[in-house]
Amino acid sequence: MTGNPSSGRSSRSRIRPGQAAGLLVVLALLLELSVSTIALSGCGGPKTFQDMAGRTLTLPSTPQRIISLAPAYTEILFALGLGDRVVGVTNFCNKPEEAKSKEKVGDAFNLNLEKIVSLKPDLVFVTGTSESAYVKEIEKLGYPVFVSSPATIDDVLSLIERIGEVTGKSREARRLVDSMRSSLSEITSEVQSPGAKRASVFVAIDPELWTVGPGSFVHDVITRAGALNVVADAAQPYLQVSMETLLERSPDAILIAFPKESYHLLESRTGWSSLEAVKNGRVFFIDPDLISRPGPEIVKAVEAVARALYPEAMGGK
10 MTGNPSSGRS SRSRIRPGQA AGLLVVLALL LELSVSTIAL SGCGGPKTFQ DMAGRTLTLP
70 STPQRIISLA PAYTEILFAL GLGDRVVGVT NFCNKPEEAK SKEKVGDAFN LNLEKIVSLK
130 PDLVFVTGTS ESAYVKEIEK LGYPVFVSSP ATIDDVLSLI ERIGEVTGKS REARRLVDSM
190 RSSLSEITSE VQSPGAKRAS VFVAIDPELW TVGPGSFVHD VITRAGALNV VADAAQPYLQ
250 VSMETLLERS PDAILIAFPK ESYHLLESRT GWSSLEAVKN GRVFFIDPDL ISRPGPEIVK
310 AVEAVARALY PEAMGGK
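Okay, structure coming up:
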């Protein structure tokens, strides 16, 4: 064999300093992509979480086939970019528009368990408590169930973060929660200026004078909007009051949180027209879907209430 050994070495490919820097950048990008792929595919094995009811939830991998049994869950999942993983929703899940095309599994009053089985979910979101009959029935079928029942807006924010954790969307959840907190702070600063009078409010969630008390996130919506709930001393989160009680407490304003076409049922009640809020034209209609769903649009509910009660203070928003 002839030839200079050193010439053989020089004929091999050598990485120049500039090329090395470029390769490092490429390797870094590939590493980041690999880590992201692993996180998304749930290759890290089973993970254990706690739902909002304090129940332990073990998932073999990141959920890919999700069923939502409440409109608020559906809105949260889509807001986190998980719409493509949602395989089933309730008949009441009408937001966002894309949710309407998802398979329907009934509703809270009539759940179609056979449909749920056919969709083969790897996670089901349920509103209520761990003692709910539906929770037990779905778990008997072998499907993991995430349970929550938010009582405050802070609970809603925590719920969003927990859903982000369970679904591999923690970053998106934190971003959404930060945005919601910022918007809430802006509204609060507008309506809760020192010395400002706070309006007393009655929220009618149906024509039979059912309303909300402490322990309901709707009560928290009222408070965040700078108002006082006239039944803030109630012992239950949801209660029915008499017309006599309403006349006695004489709220400054009334919020109607049920479909407008049913309002005539309230108008026809004896004593309704005698309420100061009614005589002063301080009856406001709030979108029932907006104020009754503990999801990402709860901030819009706070803003809607604040705008109705304090239009001048909210004029700049």
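If you're matching positions, the sequence shown starts at 10 in the numbering used here and goes up one per residue.
All residues carry an ideal CB built from backbone N, CA and C; glycine is no exception.
Since we're looking at a predicted model, the values are computed, not measured.
Start-to-end residues for the alpha helix (DSSP H) that takes in residue 214: Careful: residue 214 lies outside any alpha helix (DSSP H) and carries neither H nor E.
Euclidean distance between Cα positions of residue 251 and residue 176: 45 Å
Contacts around residue 244, its chain only, beta-carbon distance under 8 Å, and the 5 residues preceding and following it disregarded: The answer, listed in chain order, is 222.
Start-to-end residues for the beta strand (DSSP E) that takes in residue 172: Element bounds for residue 172: not the beta strand (DSSP E) but the alpha helix (DSSP H), 162-176.
Between the CA atoms of residue 55 and residue 248 - distance to the nearest angstrom: Roughly 42 Å separates the two Cα atoms.
Residue 92 (DSSP reduced to helix, strand or coil): Here residue 92 sits in helix by DSSP.
CB of residue 210 within 8 Å of CB of residue 236, strictly: Yes, they are a contact pair.
Residue 9 - containing alpha helix (DSSP H), residue span: Missing from the structure shown is residue 9; the chain here goes from 10 to 326 and no further.
Cutoff 7 Å; reference residue 292; Cβ partners in own chain excluding five residues on either side: 263, 265, 286
Local conformation of residue 43 per DSSP, three classes: Reliability fails at residue 43, whose pLDDT of 37 lies under 50, so the model's placement of it is uncertain and no value is given.
Close-in-space but distant-in-sequence residues of the same chain around residue 322 (CB under 7 Å, 5 per side omitted): 199, 200
Sheet register partners of residue 265 (DSSP bridge): 213, 294
C-beta atoms of residue 66 and residue 159 nearer than 8 Å: no
Presumed contact (8 Å Cβ cut-off) between residue 329 and residue 185, rounded CB distance: The question about residue 329 has no answer, for the chain in this structure spans 10 to 326.
Outcome for residue 60 when other beta-carbon atoms lying within 10 angstroms are tallied against a minimum of 16: buried
Beta-carbon separation (whole angstroms), residue 229 vs residue 169, contact threshold 8 Å: Between residue 169 and residue 229 the Cβ distance is about 15 Å, and since that is not below 8 Å, they are no contact.
Other residues of its chain near residue 269: CB distance less than 6 Å, five sequence neighbours each side excluded: 294
Best match in 68, 88, 319, 164 for proximity to residue 205 [C-alpha to C-alpha]: When each option's Cα is compared against that of residue 205, the closest is 319.
Residue 89 versus residue 313: straight-line alpha-carbon distance, rounded: Going by the C-alpha atoms only, they are around 23 Å apart.
Cβ pair residue 156, residue 144 closer than 8 Å: Yes, Cβ-Cβ distance for residue 156 and residue 144 is below 8 Å.
Check whether residue 226 and residue 165 have beta carbons under 8 Å apart: yes
Residue 248 - containing beta strand (DSSP E), residue span: 247-249
Coil, strand or helix - residue 65 by DSSP: strand
Residues that residue 119 bridges to, as DSSP identifies them: 116
Proximity of residue 172 and residue 85 at Cβ, strictly below 8 Å: yes
Residue of 72, 272, 307 minimising C-alpha distance to residue 214: Out of 72, 272, 307, 272 has the C-alpha closest to the C-alpha of residue 214.
Identity of the residues DSSP links to residue 220 by a beta bridge: 248
Range covered by the beta strand (DSSP E) that runs through residue 101: Looking at the DSSP string, residue 101 is not in any beta strand (DSSP E), and its letter there is neither H nor E.
Extent of the continuous alpha helix (DSSP H) to which residue 318 belongs: 307-318
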